[in-house]
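Enquirer: Please read through the structure below; I'll follow up with questions.
Number of protein chains: 2
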Amino acid sequence: MKSAAKAQQAEDSAETGAQQIRDAIREAIVERRLSPGTKLSESDVGNLFNVSRTLARAALQALSYEGLVSVEKNRGAFVAYPSPDEARQIFSARRLVEPGILREAAARITPDDITHLRQLLLEEGRLMSERGQTARRAEIKASGDFHLMLAAISGNSIVQRFMEELVARSSLVIALYGQSTASSCGHSEHGDIISAIEAEELDRACQLMLHHIAHIEADLDLRERKSLGLKEAFEL
Amino acid sequence: MKSAAKAQQAEDSAETGAQQIRDAIREAIVERRLSPGTKLSESDVGNLFNVSRTLARAALQALSYEGLVSVEKNRGAFVAYPSPDEARQIFSARRLVEPGILREAAARITPDDITHLRQLLLEEGRLMSERGQTARRAEIKASGDFHLMLAAISGNSIVQRFMEELVARSSLVIALYGQSTASSCGHSEHGDIISAIEAEELDRACQLMLHHIAHIEADLDLRERKSLGLKEAFEL
DNA sequence: GTGCAAAACATCGTATACAATCTTGCCACC
DNA sequence: GGTGGCAAGATTGTATACGATGTTTTGCAC
Numbered sequence: 001m002k003s004a005a006k007a008q009q010a011e012d013s014a015e016t017g018a019q020q021i022r023d024a025i026r027e028a029i030v031e032r033r034l035s036p037g038t039k040l041s042e043s044d045v046g047n048l049f050n051v052s053r054t055l056a057r058a059a060l061q062a063l064s065y066e067g068l069v070s071v072e073k074n075r076g077a078f079v080a081y082p083s084p085d086e087a088r089q090i091f092s093a094r095r096l097v098e099p100g101i102l103r104e105a106a107a108r109i110t111p112d113d114i115t116h117l118r119q120l121l122l123e124e125g126r127l128m129s130e131r132g133q134t135a136r137r138a139e140i141k142a143s144g145d146f147h148l149m150l151a152a153i154s155g156n157s158i159v160q161r162f163m164e165e166l167v168a169r170s171s172l173v174i175a176l177y178g179q180s181t182a183s184s185c186g187h188s189e190h191g192d193i194i195s196a197i198e199a200e201e202l203d204r205a206c207q208l209m210l211h212h213i214a215h216i217e218a219d220l221d222l223r224e225r226k227s228l229g230l231k232e233a234f235e236l
Numbered sequence: 001m002k003s004a005a006k007a008q009q010a011e012d013s014a015e016t017g018a019q020q021i022r023d024a025i026r027e028a029i030v031e032r033r034l035s036p037g038t039k040l041s042e043s044d045v046g047n048l049f050n051v052s053r054t055l056a057r058a059a060l061q062a063l064s065y066e067g068l069v070s071v072e073k074n075r076g077a078f079v080a081y082p083s084p085d086e087a088r089q090i091f092s093a094r095r096l097v098e099p100g101i102l103r104e105a106a107a108r109i110t111p112d113d114i115t116h117l118r119q120l121l122l123e124e125g126r127l128m129s130e131r132g133q134t135a136r137r138a139e140i141k142a143s144g145d146f147h148l149m150l151a152a153i154s155g156n157s158i159v160q161r162f163m164e165e166l167v168a169r170s171s172l173v174i175a176l177y178g179q180s181t182a183s184s185c186g187h188s189e190h191g192d193i194i195s196a197i198e199a200e201e202l203d204r205a206c207q208l209m210l211h212h213i214a215h216i217e218a219d220l221d222l223r224e225r226k227s228l229g230l231k232e233a234f235e236l
């Protein structure tokens with residue numbers, strides 16, 4: 001009874017099994033091992049993790065609340081396939097929220113936090129220079145972690161959760177519509193933001209953050225180009 | 001009329017039973033028919049709505065994701081009892097998000113929207129002058145609806161969902177820590193905000209919004225109250 | 001009468017079973 | 001040969017069943 005997901009299913013945590021499955025699937029989505037549109041049948045998920053459909057279903061439901069999975073009634077669950085409009089909304093939300101997070105974070109940041117941020121940056125840079133799928137996936141994750149750490153530093157766990165959702169969904173959008181091979185954020189921009197915070201130039205930091213988000217979004221090709229129904233695809 | 005409205009309706013009613021239950025419980029919580037800390041046993045909820053524990057559980061899980069219900073492992077689900085710290089985070093999040101929403105909304109608002117907002121305001125005022133529990137509940141709802149409508153006008157459904165969560169949780173916080181009998185927001189402040197938007201004085205509108213949120217928060221008594229155990233209740 | 005231990009009870013966690021719904025493939029019929 | 005409908009298969013929606021975990025109560029010893 002060994003499966004690929006032999007993760008800490010023992011007595012590690014008091015977390016219910018469904019949450020472990022949810023986390024595993026979410027990670028797979030964010031790291032792009034699962035492509036948008038992939039069908040996630042309850043039975044398959046259950047078999048994969050050696051649990052019943054009950055838990056698989058619960059995990060999928062949870063992911064649907066986060067916007068990473070879309071469940072269609074009587075049809076099943078699929079890895080979310082954000083529309084261009086959804087993509088725009090995601091980045092619009094980030095532009096709305098992240099400057100505020102930055103201000104909160106700057107007000108509470110400790111030298112220790114800055115050290116951690118810099119460490120994250122180093123790791124990110126190292127991964128960028130590496131080759132291979134594994135490194136690429138880790139890089140994607142590290143890139144998002146920068147934004148998430150800022151949210152964590154802000155000390156507001158509610159906003160932090162919002163950001164977790166936004167970052168995860170951003171990853172989906174980039175997977176779908178990203179053009180450049182350098183799929184993740186411009187690495188140097190993260191460093192610039194830290195520097196601005198350190199120099200206590202808050203307004204500049206916010207500007208940098210907005211530009212940074214704009215850069216990510218600018219790399220997207222948000223033209224409606226995917227199946228708007230098979231019919232339309234051929235009726236053109 | 002087989003257009004969007006009907007499709008929405010059909011889809012809604014066709015929606016899985018768990019969601020109807022979730023909505024019903026959420027409404028009960030927001031309207032304060034259910035007090036913070038109330039136990040929501042899966043069996044009881046199931047019996048109440050004549051469904052199995054499976055659906056009751058799904059509904060409670062969904063509510064827990066929204067922060068309105070807290071489920072404790074092997075102990076059960078309870079209407080959330082936000083701590084003073086959580087309360088502060090909720091309002092901090094609102095201060096972070098609502099000015100941005102206001103700016104977005106102001107950029108897209110139509111005369112029609114303004115009419116609707118004013119109607120909402122009128123309704124709110126009418127309810128304030130009425131007596132009785134029913135009116136009070138409706139007033140609470142209407143007061144939150146003002147903020148939600150702004151979020152809807154902003155055109156970003158993601159941010160809108162964030163606001164729905166924040167408004168709902170705010171209602172819980174006010175129920176717990178609110179002091180004044182005029183439990184809801186200052187009514188006039190809503191009107192002032194609309195006027196500022198109408199006059200296209202955006203910065204002023206944001207200031208008013210921040211003050212408005214501050215007023216709500218100022219009405220709270222966020223001192224840590226120890227367990228309202230039976231003993232203390234009688235030691236008074 | 002008080003304090004601790006063990007059993008009875010209640011409630012949740014998960015699995016399995018059955019019903020409802022959608023999809024698919026086949027065959028009769030035009 | 002094409003079309004419509006019906007039946008079989010697959011998948012989800014919901015209910016029930018059983019084991020696990022906390023909580024309360026009972027009973028016994030001190």
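Those protein sequence lines, which keep their order, are chains Z and U.
Here the UniProt record's numbering is used: position 41 in the first sequence is 41, and no number is missing along the way.
Here the UniProt record's numbering is used: position 47 in the second sequence is 47, and no number is missing along the way.
Glycine included, every Cβ here is placed at the ideal spot set by N, Cα and C.
All of these numbers come straight from a predicted model, not from anything done at the bench.
1) Suppose only complete runs of 4+ residues qualify. What are the alpha helix (DSSP H) ranges in the region 154 to 233 of chain U, listed by chain order?
2) Cβ of U/G46 within 9 Å of Cβ of U/A56?
3) Using a Cβ-Cβ distance under 9 Å, would U/Q20 count as near chain Z?
4) Starting from Z/E72, trace the alpha helix (DSSP H) both ways and give me its first and last residue.
5) By the criterion of Cβ-Cβ separation under 8 Å, what are the contact partners of U/Q61 in chain Z?
6) Rounded to the nearest angstrom, what separates U/L60 and U/Q160 at their Cα positions?
7) Run through DSSP, which three-state label would Z/V51 get?
8) Exposed or buried, U/G100, counting other C-beta atoms within 10 Å across all chains shown (16 or more means buried)?
9) Chain Z beta carbons: is any one of them nearer than 9 Å to that of U/F162?
10) Any beta-carbon of chain U closer than 9 Å to the one on Z/K73?
11) Which value, in whole angstroms, describes the spacing of the CA atoms of Z/S180 and Z/Q207?
12) Mind listing the chain U neighbours of residue 240 of chain Z? Cutoff is C-beta to C-beta under 8 Å, in chain order.
13) Pull up the distance between the alpha-carbon of U/H190 and that of U/E124, whole angstroms please.
14) Using a threshold of 9 Å, state whether the C-beta atoms of U/L68 and U/V79 are closer than that.
15) Would you list, in chain order, the members of the region 77 to 96 of chain U that have their beta-carbon closer than 7 Å to a beta-carbon of chain Z?
16) Taking the continuous alpha helix (DSSP H) assigned at Z/G17, which residues delimit it?
17) Z/R126 to U/D203, Cα distance in whole Å?
18) What residues from chain U crowd round Z/G191, counting only those whose CB sits closer than 7 Å?
19) Looking at Z/R94 and Z/I213, is the spacing between their C-beta atoms short of 9 Å?
20) For U/S13, I'd like the list of residues in its chain whose CB is within less than 6 Å of its CB, leaving aside the five on either flank, ordered along the chain.
21) Here's the rule I'm using: 16 or more other beta-carbon atoms within 10 Å means buried, otherwise exposed. How should Z/Y177 be labelled?
22) Quick check on this structure: which residue in Z/H187, Z/G155 and Z/L166 has the alpha carbon closest to the alpha carbon of U/D85?
23) Return the CA-CA distance between Z/I140 and Z/S70, expressed in angstroms with no decimal places.
24) Once DSSP output is grouped into helix, strand and coil, what is the label at U/R75?
25) At a Cβ cut of 9 Å, what residues of the region 100 to 131 of chain U count as close to chain Z, listed as they run along the chain?
26) Please report whether the beta-carbon of Z/Y65 lies at a distance below 9 Å from any beta-carbon of chain U.
27) So which residues of chain Z does U/V159 contact, with C-beta pairs closer than 7 Å?
28) Can you tell me whether Z/P36 is buried or exposed? The criterion is at least 16 other CB atoms within 10 Å of its CB, across all chains shown.
29) Considering only their Cβ atoms, is the gap separating Z/E66 from Z/R169 smaller than 9 Å?
30) Which first and last residues belong to the alpha helix (DSSP H) in which U/A87 is found?
31) Return no unless some Cβ of chain U is closer than 9 Å to the Cβ of Z/N156.
32) Taking 7 Å as the limit between beta carbons, can you name the residues of its chain near U/G17, skipping five residues before and five after?
33) Give me the residue from Z/L150, Z/E201 and Z/S92 with the minimum Cα distance to Z/H116.
34) Shortest alpha-carbon distance to U/A196 belongs to which of U/F49, U/I25, U/L166 and U/R118?
35) Quick one: grab the DSSP three-state call for U/E34.
36) Against Z/T16, what residues of chain U qualify as contacts under a CB-to-CB distance less than 8 Å, listed in chain order?
Expert: Quick look at the numbers:
1) 157 to 177, 187 to 198 and 202 to 218
2) Taking the first residue of the second sequence as 1, we reach residue 46 of chain U at position 46. Taking the first residue of the second sequence as 1, we reach residue 56 of chain U at position 56. Yes, Cβ-Cβ distance for U/G46 and U/A56 is below 9 Å.
3) For this step, residue 20 of chain U is matched to residue 20 along the second sequence. False, the Cβ-Cβ gap to chain Z never drops below 9 Å.
4) Translated into the one-based positions of the first sequence, residue 72 of chain Z becomes position 72. Counting along the chain, Z/E72 falls outside any alpha helix (DSSP H), though it belongs to the beta strand (DSSP E) covering V69 to E72.
5) One-based indexing of the second sequence puts residue 61 of chain U at position 61. Here the neighbours are A58, Q61 and A62.
6) One-based indexing of the second sequence puts residue 60 of chain U at position 60. One-based indexing of the second sequence puts residue 160 of chain U at position 160. Approximately 22 Å between the Cα atoms of the pair.
7) Within the first sequence, the letter at position 51 stands for residue 51 of chain Z. Correct three-state label for Z/V51: coil.
8) Numbered from 1 along the second sequence, position 100 holds the residue referred to as residue 100 of chain U. Classification for U/G100: buried.
9) For the purposes of this step, residue 162 of chain U is taken as the residue at position 162 of the second sequence. Chain Z, which has a Cβ nearer than 9 Å to the Cβ of U/F162, makes this yes.
10) By one-based count along the first sequence, residue 73 of chain Z stands at place 73. Yes, its Cβ sits closer than 9 Å to a Cβ of chain U.
11) Numbered from 1 along the first sequence, position 180 holds the residue referred to as residue 180 of chain Z. Numbered from 1 along the first sequence, position 207 holds the residue referred to as residue 207 of chain Z. So the alpha carbons of these two residues sit roughly 23 Å apart.
12) For residue 240 of chain Z there is no data in the structure shown, the boundaries of chain Z being 1 and 236.
13) Mapped onto the second sequence, residue 190 of chain U falls at position 190. Mapped onto the second sequence, residue 124 of chain U falls at position 124. If I take the Cα positions, the gap works out to 10 Å.
14) Position 68 of the second sequence, counting from 1, holds the residue named residue 68 of chain U. Position 79 of the second sequence, counting from 1, holds the residue named residue 79 of chain U. Yes.
15) Q89, I90, S92, A93 and L96
16) Numbered from its first residue, the first sequence carries residue 17 of chain Z at position 17. Taken as a continuous stretch (DSSP letters only), the alpha helix (DSSP H) holding Z/G17 covers G17 to V30.
17) On the first sequence, position 126 is the one that residue 126 of chain Z refers to. On the second sequence, position 203 is the one that residue 203 of chain U refers to. Computed Cα separation, rounded: 44 Å.
18) Taking the first residue of the first sequence as 1, we reach residue 191 of chain Z at position 191. Within 7 Å Cβ-Cβ: nothing; Z/G191 doesn't reach chain U, min ~25 Å.
19) Walking along the first sequence from the start, residue 213 of chain Z turns up at place 213. Walking along the first sequence from the start, residue 94 of chain Z turns up at place 94. Against a cut-off of 9 Å, the Cβ pair of Z/R94 and Z/I213 comes out as a contact.
20) Working through the second sequence from its first residue, we reach residue 13 of chain U at position 13. Caution is warranted here: a pLDDT of 43 is assigned to U/S13, below 50, making its placement in the model unreliable, and no coordinate value can be reported.
21) Here the question's residue 177 of chain Z lines up with position 177 in the first sequence. Counting Cβ neighbours within 10 Å, Z/Y177 comes out buried, since at least 16 surround it.
22) Taking the second sequence and counting its residues from 1, one reaches residue 85 of chain U at position 85. U/D85 has its Cα closest to that of Z/G155, out of Z/H187, Z/G155 and Z/L166.
23) Numbered from its first residue, the first sequence carries residue 140 of chain Z at position 140. Numbered from its first residue, the first sequence carries residue 70 of chain Z at position 70. Each residue's Cα considered, the two are about 22 Å apart.
24) For the purposes of this step, residue 75 of chain U is taken as residue 75 along the second sequence, with counting starting at 1. Looking at U/R75 - three-state DSSP - the assignment turns out to be coil, as it is neither helix nor strand.
25) G100, I101, R103 and E104
26) As a first step, residue 65 of chain Z must be located in the first sequence, where it is residue number 65. Yes, Z/Y65 lies at the interface with chain U (some Cβ there is under 9 Å from its Cβ).
27) The count along the second sequence starts at 1 and reaches residue 159 of chain U at position 159. The contacting residues are A93 and L96.
28) Working through the first sequence from its first residue, we reach residue 36 of chain Z at position 36. Label assigned to Z/P36: buried.
29) Reading the first sequence from its first residue, position 169 is the one you call residue 169 of chain Z. Reading the first sequence from its first residue, position 66 is the one you call residue 66 of chain Z. Cβ atoms of Z/R169 and Z/E66: closer than 9 Å.
30) Here residue 87 of chain U corresponds to residue number 87 of the second sequence, with the count starting at 1. U/A87 -> alpha helix (DSSP H) spans P84 to R108.
31) The sequence position of residue 156 of chain Z within the first sequence is 156, counting from 1. With 9 Å as the cut-off, Z/N156 counts as an interface residue toward chain U.
32) Along the second sequence, one-based indexing puts residue 17 of chain U at 17. V51 and L55, listed in sequence order.
33) The residue labelled residue 116 of chain Z in the question sits at position 116 within the first sequence. Z/H116 has its Cα closest to that of Z/L150, out of Z/L150, Z/E201 and Z/S92.
34) Sequence index remark: in the second sequence, residue 196 of chain U carries index 196 (1-based). The candidate whose alpha carbon is nearest that of U/A196 is U/R118.
35) For the purposes of this step, residue 34 of chain U is taken as the residue at position 34 of the second sequence. Residue identity check: residue 34 of chain U is Leu in the sequence provided, not Glu. Three-state DSSP puts U/L34 in coil, outside helix and strand.
36) Looking up residue 16 of chain Z in the first sequence gives position 16. Chain U residues near Z/T16: K73.
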